[in-house]
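**Student:** Reminder that position 184 of the sequence shown reads as 183 in numbering that gives the first Met the number 0, one-by-one numbering, no gaps. Even glycine gets a Cβ: it sits at the ideal position worked out from N, Cα and C.
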Amino acid sequence: MGQAIYPKMAVVGCGLIGSSVIRAARQAGAVGEVAVADAKPEHRARIADLGLADTVTGDIAEAVRDADLVVFAVPVLAMGEAMKAAAPALKPGVTVTDVGSVKGSVAEALQEAAPEGVFVIPGHPIAGTEQSGPDAGFPELFQNRWLILTPQERDDAPYREAVARLTAFWTALGSNVEQMDVRHHDLVLAVTSHLPHLIAYNIVGTAADLEGVTQAEVMKYSAGGFRDFTRIAASDPTMWRDVFLTNREAVLEILGRFTEDLQALSRAIRWGEGDKLFELFSRTREIRRGVIAAGQETPEPNFGRDHRQP
Ligand code: NAP
0 MGQAIYPKMA VVGCGLIGSS VIRAARQAGA VGEVAVADAK PEHRARIADL
50 GLADTVTGDI AEAVRDADLV VFAVPVLAMG EAMKAAAPAL KPGVTVTDVG
100 SVKGSVAEAL QEAAPEGVFV IPGHPIAGTE QSGPDAGFPE LFQNRWLILT
150 PQERDDAPYR EAVARLTAFW TALGSNVEQM DVRHHDLVLA VTSHLPHLIA
200 YNIVGTAADL EGVTQAEVMK YSAGGFRDFT RIAASDPTMW RDVFLTNREA
250 VLEILGRFTE DLQALSRAIR WGEGDKLFEL FSRTREIRRG VIAAGQETPE
300 PNFGRDHRQP
């Protein structure tokens, strides 16, 4: 195994994603020393038991001291405060990144608190599950998944080198790295991830509140469709609250389009327009085939985990 890409990595927030970054980076030999800062004492104890890091602390400044790479893996609304706590201890030349599901607000918060000489390169792995906490992570999570970097608009050589190094890091973890503009990222993810989660939360809530259908019946007759929604609707409440609060504009824009299309469907059902329904369902079937062809769905069972949910 060659030299580590980053001699010391600090991970702030060591849940599903943070602990998966550590597991994958260690397996790939991409890092040397690993320090973790996590707010939750139970998680810190568990991280120590699992042997995930060389040092585990509740103090962010202590963890990031001397780090060459700092990865913020806390909920989106916690990123700014975490960066402020880290800032005084960051060494010049360190790369600071994150894994947050929304990029606009996070990029701004990280940049605002960043001292001179620190390379801020926001990122988002399009990989995840509905589980949380350090036990939920696993090293294969990022294999063949997209990793989107939203670098700042600057073209100096040191920053470009920092971006190239972070790209090499995620590539070593198995990801396919792409760069994107922050706003475009937030719009694309509003369609592919945020709205589907909102729909899942809503449909499971509606089913739970329906009078005349008992909770027991909802559970008992959970056919494929509803069952799949319940998996998505089991995703972490803090994480998803933060996503909707910070990607408000893009989500509302897409939700507006969605609502119009739903109204059109409702009309087609009311007026018995079977051809319209058939035409839409045929088009969407093709899209599903396209997703499989793009390698974003694996037909075989994958430890019972979904690797695609961002
Ligand atoms: P998680 O499993 O809940 O892990 C987050 C960890 O950070 C928890 O241990 C949490 O402790 C800790 N934490 C929270 N606030 C903190 C703070 N201020 N300082 C230090 N530690 C703090 O969450 P996750 O699913 O890994 O998500 C982490 C980030 O990844 C989020 O920004 C999310 O948007 C992004 N992401 C998630 C997925 C996914 O599928 N889950 C996919 C891609 C990206 P507590 O439990 O006490 O809060």
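(1) In whole angstroms, what is the alpha-carbon distance linking Leu172 and Ser281?
(2) Can you give me the start and stop residues for the alpha helix (DSSP H) that Pro124 sits inside?
(3) Helix, strand or coil: how does DSSP classify Tyr220 here?
(4) Report the CB separation of His183 from Asn246 in whole angstroms; it is logged as a contact under 8 angstroms.
(5) Could you name the residues that DSSP lists as bridge partners for Leu146?
(6) Look up Glu32 in the DSSP assignment and give the residues it is bridged to.
(7) Are the region 185-200 and the region 158-166 touching by the rule of at least three beta carbon pairs closer than 8 angstroms?
(8) Name the one or two DSSP bridge partners that Phe71 has.
(9) Does the separation of the CB atoms of Leu148 and Val176 fall below 8 angstroms?
(10) Taking Gly132 and Gly14 to be in contact with their CB atoms under 8 angstroms, please state how far apart those CB atoms are, rounded to whole angstroms.
(11) Which partner residues does Val55 have in the DSSP bridge list?
(12) Note down the Cα distance separating Ala207 from Phe137, rounded to an integer number of angstroms.
(13) Please look up how many angstroms separate the CB atoms of Gly12 and Ala66, rounded, as I've assumed it's under 8 angstroms.
**Tutor:** Taking the definition as stated:
(1) Cα to Cα, the separation comes out at about 37 angstroms.
(2) Pro124 -> not in any alpha helix (DSSP H); beta strand (DSSP E) instead, spanning 122-124.
(3) When secondary structure is reduced to three states using DSSP, Tyr220 falls in the coil class, being assigned neither helix nor strand.
(4) So it is not a contact: roughly 12 angstroms between Cβ atoms.
(5) Pro124, Val176
(6) Lys7
(7) no
(8) Val11, Asp97
(9) Taking 8 angstroms as the Cβ cut-off, Leu148 and Val176 qualify as a contacting pair.
(10) 5 angstroms between Cβ atoms; contact.
(11) Val35
(12) Between Ala207 and Phe137, the C-alpha separation is close to 32 angstroms.
(13) In fact, because the Cβ distance is near 14 angstroms, the residues do not count as touching under 8 angstroms.
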